[in-house]
DNA sequence: CCTGAAGACTTCACCTCTAAACTTCGAAGC
DNA sequence: GCTTCGAAGTTTAGAGGTGAAGTCTTCAGG
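Below, the structure is given as structure tokens:
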């Protein structure tokens, strides 16, 4: 019974050793970076998800609020632009806005100057929840980086930015359909 | 008409400037690291998704194949363990295995020594597709890191590992329900 | 004007995941 | 040996996504 305790979730190094065993021409240094990136992101999303759940919303809804706030002053965007920004289909955006309107986080109106367009705006409540989520997120993020010195944080940010530039050049389009946060 | 061209997807630095404008007590250095991590991961998933699509499968299916190969020699696991490993509910695992059996990537048999248990194994075809996906993935990953020296790669891996240790301590459980790769 | 084409959102059909109820087998107690 | 409990998978209902088709508005030509 202690023989197969379940699935002890292998450590990063164990996982890389297993990859090398099964696939010889693997560069362990590259794999370590890539696997750590994926695992980190999953854990971060879990952490954010718990925080947004405390506020009675989902990460998906928080994404919309972030996009609206980042858009700047009138804090309004069309569903199409929101969809591009978040990497969703317009159809998904329609449904997500439906829910958020029902929950009082955003408003939806027709643009009177061009009645084919729709304008999504953030409500007071949406803004307040965005702020509270940001507060919680920054606390978590500071904890996450607490073992790194200022110099290390700088170097880490700089290296990640270089990687990002590389992929963004290779994927000039906004980047497709997969789930994630900003 | 050039007034609202769509949504030019803000650069990382523009995004961080916008955050500082809207939320003063934000540490830009921390935010840069965190935002770069999220964006990088999204782009990586897009890249992997294109590669697995070329092989006629999804990232989700590739995840299952990876788990089976990493499990080592008999290359078999129960659905429950697979679900824990991938952060899915058992129900989702049942359906995913259904599809993969139909596509000939894995097999499903009952464990004769304990007939409540089920054993999922990888087929020849599954193994071949896993291998091909790994080949494509390593090419992409090498390109991704091409701007970093060996020394930089080492430091990057080491710093990411430190961050990972920090979150894994804070989330001792396997880590919840959110989508992602390993 | 009126018409055809393009753009922006919505609707529809289907797919995948979650949460919770259900089924079945194995193990422990009497 | 029968009963009860617990563990492992599956089934079901509902949330949220995609892609394709549909609707409505605007705009450029005839």
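Protein chains in written order, with this note's numbering: chain A, 2 to 183; chain B, 2 to 183.
Note that CB positions come from ideal geometry on N, CA and C, so glycine has one too.
Take the alpha-carbon of residue 21 of chain B and the one of residue 159 of chain A: they are about 19 Å apart. Closer than 8 Å to the CB of residue 160 of chain A there is at least one CB belonging to chain B. Cβ-Cβ separation between residue 146 of chain B and residue 156 of chain B: approximately 12 Å, too far for a contact (criterion under 8 Å). By the CB criterion at 8 Å, residue 17 of chain A and residue 36 of chain A fall inside the cutoff. At a cut-off of 8 Å between beta-carbon atoms, residue 39 of chain B makes contact with chain A. For residue 101 of chain B, the nearest beta carbon of chain A is not closer than 8 Å to its own beta carbon.
The bridge partners DSSP lists for residue 107 of chain A are A/123. Boundaries of the alpha helix (DSSP H) harbouring residue 160 of chain B: 151–171, taken from the DSSP string. Residue 12 of chain A: not part of any alpha helix (DSSP H); DSSP gives it neither H nor E. At the C-beta level, residue 121 of chain B and residue 79 of chain B come within 8 Å of one another.
When the beta-carbon positions are compared, residue 73 of chain A and residue 19 of chain B come within less than 8 Å of each other.
Nearest C-alpha to residue 14 of chain A among A/25, A/128, A/32, A/144: A/32. Within the region 114–143 of chain B, contact with chain A at the beta-carbon level (separation under 7 Å) is assigned to 135, 139, 142, 143.
If you look at residue 59 of chain B, you'll find it isn't in any alpha helix (DSSP H); DSSP assigns it neither H nor E. For residue 88 of chain B, the chain A residues whose C-beta falls within less than 8 Å of its own C-beta are 43, listed in chain order. In terms of CA proximity to residue 27 of chain B, A/140 leads the group A/140, A/170, A/165.
Excluding five sequence positions before and after residue 86 of chain A, the CB atoms of its chain that fall closer than 6 Å to its own CB belong to 68, given in chain order. In the DSSP assignment, the residues bridged to residue 77 of chain A are A/122. The C-beta of residue 56 of chain A comes no closer than 8 Å to any C-beta of chain B.
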